[in-house]
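The opening residue of the sequence shown carries number 111 in our numbering; numbering runs sequentially from there.
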Amino acid sequence: MSSTAEYVAVFAAGIGSGILISTVGFASLLSFPVLLAVGLPPVVANVSNTIGLTPAGLSGSFGYRRELREQPVVTAVVLATCAGGAVLGVVLLLSLPSGVFAAVVPYLILVTCLLVGLQPIITRVLRRGREPAARVRLSGLTTTFCTLVGVYGGYFGGGSGVMMMAVLGFGADLELRVVNALKTLSVAAGNVVAAAVFVVLAEVDWAAAGLLAVGSGAGGYVGALIGRRLPATLLRVLIVLGGLVAAVMMLV
């Protein structure tokens, strides 16, 4: 980066990406292309982007603290599984070719968004004719899938928040605003682990990472304020649309 306009663009991308993390997810749709546009090599841009967006997940989780307090056990499970899974994901990232998931990720995101969009309908069909007790604890199977999402988040990351929303949407009976808060927390856990490793082992453009961090920290908190006020149906629609855009961008 060499001009004031580029610095401003990266900072603005940080604010926008922070808002996206706490609402619909897919924050890298905005920030990563901007880093490439200002001249960062792809690997440096990816590393700097992860570090720069870490404050967004943290501030967003703080903004959603009321929702997270409503389900302390589920919050603890999501935090532990995603942080632990991300450790394994980072190990895989450092030991496997970077393109291992590249071919399948767009289709994985498409399927996940379809599940998020259709989850209320599928759940109603599956429960037709019976009134099961509300599920506010995570089963062993759901916990396993949370861990797998954490692994994916540490390795690749794109769409991990929406994958978590799909897992929790089918694995527990929680309000969408609470699921969105847990999604934001899961992204934060994965980014913190990955960022800690990148700081030590990878090349970072600290100017870009710093501008993103300041902007995304503010944006993440604002996004949480917006996210808790969005009607559940509108939020679900926005998440699906964001996933479709992300998948198409990855395919082309």
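Cβ atoms here follow ideal geometry from the backbone N, Cα and C, with glycine treated the same way.
Alpha carbon to alpha carbon, what distance is there between residue j and residue i?
{"i": "Val289", "j": "Val118", "result": "33 Å"}
{"i": "Gly227", "j": "Gly329", "result": "25 Å"}
{"i": "Val293", "j": "Leu224", "result": "Val is not the amino acid found at residue 293; the sequence shown has Lys there. Rounded to whole angstroms, Lys293 to Leu224 spans 17 Å at the Cα level."}
{"i": "Val332", "j": "Ser205", "result": "37 Å"}
{"i": "Ala186", "j": "Gly269", "result": "21 Å"}
{"i": "Arg287", "j": "Glu177", "result": "7 Å"}
{"i": "Thr133", "j": "Ser113", "result": "31 Å"}
{"i": "Gly195", "j": "Thr253", "result": "11 Å"}
{"i": "Ile131", "j": "Ala318", "result": "18 Å"}
{"i": "Thr233", "j": "Phe121", "result": "41 Å"}
{"i": "Ala137", "j": "Gly128", "result": "7 Å"}
{"i": "Tyr336", "j": "Ala193", "result": "A small correction: the amino acid at residue 336 is Ile; Tyr does not occupy that position in the sequence shown. Each residue's alpha carbon lies about 26 Å from the other."}
Quick one, which of the options has its alpha-carbon nearest residue i's?
{"i": "Gly378", "options": "Gly271, Gly264, Leu228, Val183", "result": "With the chain represented from 111 up to 362, any question about residue 378 goes unanswered, as that position is not in the structure."}
{"i": "Val200", "options": "Trp316, Gly260, Thr133, Val358", "result": "Gly260"}
{"i": "Ser249", "options": "Ile125, Ala166, Val358, Asp283", "result": "Asp283"}
{"i": "Asn301", "options": "Gln181, Pro143, Leu189", "result": "Leu189"}
{"i": "Thr257", "options": "Thr191, Gly126, Leu340", "result": "Thr191"}
{"i": "Val350", "options": "Val197, Ile219, Ala298, Val297", "result": "Ile219"}
{"i": "Phe266", "options": "Asn156, Glu313, Leu295", "result": "Asn156"}
{"i": "Val183", "options": "Leu348, Leu251, Arg247", "result": "Arg247"}
{"i": "Met273", "options": "Pro230, Ser296, Thr222, Gln229", "result": "Thr222"}
What is the DSSP secondary structure of residue i, counted as helix, strand or coil?
{"i": "Leu248", "result": "coil"}
{"i": "Thr133", "result": "coil"}
{"i": "Phe121", "result": "helix"}
{"i": "Ala282", "result": "coil"}
{"i": "Phe142", "result": "helix"}
{"i": "Val332", "result": "helix"}
{"i": "Ser113", "result": "coil"}
{"i": "Arg234", "result": "helix"}
{"i": "Gly352", "result": "helix"}
{"i": "Gly267", "result": "coil"}
{"i": "Leu340", "result": "coil"}
{"i": "Leu206", "result": "coil"}
{"i": "Val289", "result": "helix"}
{"i": "Ala312", "result": "coil"}
(message) Pairs of beta-carbons, one from the region 299 to 308 and one from the region 277 to 284, closer than 8 Å: are there three or more?
(response) Contact between the region 299 to 308 and the region 277 to 284 is absent, because fewer than three Cβ pairs lie under 8 Å.
(message) Which runs of the alpha helix (DSSP H) at least 4 residues long sit entirely within the region 149 to 190? Give them in chain order.
(response) Within the region 149 to 190, the complete alpha helix (DSSP H) runs of at least 4 residues are 152 to 173, 175 to 180.
(request) Evaluate the contact criterion for the region 315 to 325 versus the region 153 to 163: three or more CB pairs, one atom per stretch, below 8 Å. (result) At 8 Å Cβ cutoff, the stretches touch.
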